[in-house]
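In the numbering used here, the protein residues as written are 43 to 467.
Have a look at this one:
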């Protein structure tokens, strides 16, 4: 069944012991897909996330002529084993100037940026487009770097939709700023070996540099000649269950299986921030899981400052405004000052609300965790979690030890949602 338009979270009385498996890392899956396509041989990606963003990447690779097969994962329903038949640096298909090959990237920033660099290695013209929000997100620094390397990029406002003309490998050098997104640098680095590009990463945006380092570490570890590569669990997805344990006083009753240990994912630091300190930085401390931390802040003993949030404004939605608006809707005092949100303790004044998710998976999942403590939290458009964690609500509802055993309701129909029903959503 598909998820209803509104899901209500009923707070549990207590938490039983649970060990939750979470899907593979989206960031690593989409990076690995590009490297596998460029590899000289067959690559098996195990533990790969199978969600909206990664499905989009696979479909685009298929449009480009790469063979990608999909098989079930024995350990996690939201994962797949993906086998990619690399072409040794060749992009099999391209369009013409009159009829570019069309690639639809949805609202997947990794797909949009990584494919923009990848198609430069092809021969022909490629038109990248997505949903309206994707057309608002920045691309200028990446397009400037591609032009510096000698590739032709047609975009009237340096955003999507754009037509990119591939010309194969073109040895050269470029500079790219990470001021707006690390994905610009990662896109170039992923394709640099085949393109014979020298990439200089500029900008002092500290919050983005760990994602560039993830790309560099992956490049060093990936089998360029084909082989097997294991995708580790997604730390951002795991943060919700560690937050649930802390919020409900579980004292370690809830664990995340195979917590990522490579050090590549910035959100693997999340356990260090429980309980929350007085200040949490998007630049120095946490990545996407900073939204998870924000819904815990009303239960802190003192106000918590969340700083360096500028990057959140240009992601799936304007996340700074979204978190301020929805926390305020629940009775929390939130002060916005530039790129800082200060969230004040409100444990006794919180109340339920219908949460607008802005089509943003992380807003939806973060407020679902708040609903474990606050009665009356209802999540609008819960299906947006398909972007990175398609079985998130099933994990909440499944009986321990595989899930948290939380009761979920469809308010419109007035009935409980069984976890077996959610399994098919």
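Yeah, the Cβ is synthetic: ideal placement off N, Cα and C, and Gly gets one too.
The model shown is predicted, which means the values in this text are computed figures rather than measured ones.
Cβ neighbours of residue i in the same chain (closer than 6 Å, five flanking residues each side left out)
i	result
residue 345	384, 386
residue 111	125
residue 70	273
residue 288	316
residue 215	240
residue 54	448
residue 182	200
residue 219	183, 244, 245
residue 410	51, 421
residue 405	364, 399
residue 106	133, 135
residue 108	79
residue 159	229, 230, 233
Bridge-paired residues (DSSP) for residue i
i	result
residue 323	349
residue 171	146
residue 239	214
residue 379	382
residue 332	For residue 332, which the question treats as bridged, DSSP gives no partner whatsoever.
residue 66	275
residue 208	166
residue 419	395
residue 110	126
residue 298	62
residue 160	DSSP output for residue 160 lists no bridge partner at all.
residue 87	124, 271
residue 452	457
residue 195	206
residue 244	219
residue 50	420, 451
residue 137	167
CB-CB length for residue i against residue j, believed under 8 Å
i	j	result
residue 77	residue 232	6 Å
residue 67	residue 332	With 8 Å as the limit, residue 67 and residue 332 do not qualify as a contact, their Cβ atoms being about 17 Å apart.
residue 425	residue 44	7 Å
residue 62	residue 296	7 Å
residue 281	residue 334	4 Å
residue 165	residue 136	5 Å
residue 129	residue 90	Rounded, the Cβ-Cβ distance is 19 Å, inconsistent with contact.
residue 238	residue 213	4 Å
residue 457	residue 431	Contact flag wrong, Cβ pair sits at about 24 Å.
residue 275	residue 427	Residue 275 to residue 427, Cβ: 16 Å. No contact.
Own chain, CB closer than 7 Å to residue i, minus 5 neighbours either side, in chain order
i	result
residue 139	167
residue 172	146, 147, 148, 149, 154, 202
residue 464	435, 436, 439
residue 443	59, 60, 61
residue 257	73, 228, 231, 232
Member of the options whose CA lies at the smallest distance from the CA of residue i
i	options	result
residue 415	370, 195, 337	337
residue 88	105, 107, 117, 80	117
residue 417	278, 111, 181, 395	395
residue 201	360, 340, 151	151
residue 122	102, 130, 94	94
residue 380	354, 402, 403	354
residue 208	215, 189, 293, 217	189
residue 433	449, 458, 407	407
residue 131	75, 115, 174	75
residue 486	412, 356, 83, 352	The requested residue 486 is not part of the displayed model; the chain covers only 43 to 467.
residue 300	286, 279, 320	279
residue 388	360, 343, 53, 73	343
residue 102	129, 120, 144, 137	144
residue 72	128, 56, 157	157
residue 368	351, 392, 352, 357	392
residue 319	197, 303, 307, 348	348
residue 86	266, 230, 187, 161	266
residue 20	285, 186, 327	Residue 20 falls outside the range modelled here, since the chain spans only 43 to 467, and no answer is possible.
residue 127	161, 276, 82, 298	82
residue 180	378, 459, 357	357
residue 419	459, 96, 275, 397	397
residue 169	204, 198, 370	204
residue 119	92, 197, 142, 98	92
residue 339	390, 115, 459	390
Contacting residues, own chain, Cβ-Cβ under 8 Å from residue i (five flanking each side not counted)
i	result
residue 176	147, 148, 149, 150, 151, 154, 202
residue 445	60, 62, 436, 437, 438, 439, 461
residue 351	324, 332, 361, 362, 381, 382, 383
residue 254	220, 224, 227, 228, 231, 243
residue 192	209, 212, 214
residue 56	290
Check your understanding: For the 8 Å Cβ check, are there 3 or more pairs between the region 249-256 and the region 216-228?
Key -> yes
Check your understanding: Counting Cβ pairs closer than 8 Å, one from the region 49-59 and one from the region 448-460, do we hit at least three?
Key -> yes
Check your understanding: Is the region 257-266 in contact with the region 312-332, if contact means three or more CB pairs nearer than 8 Å?
Key -> no
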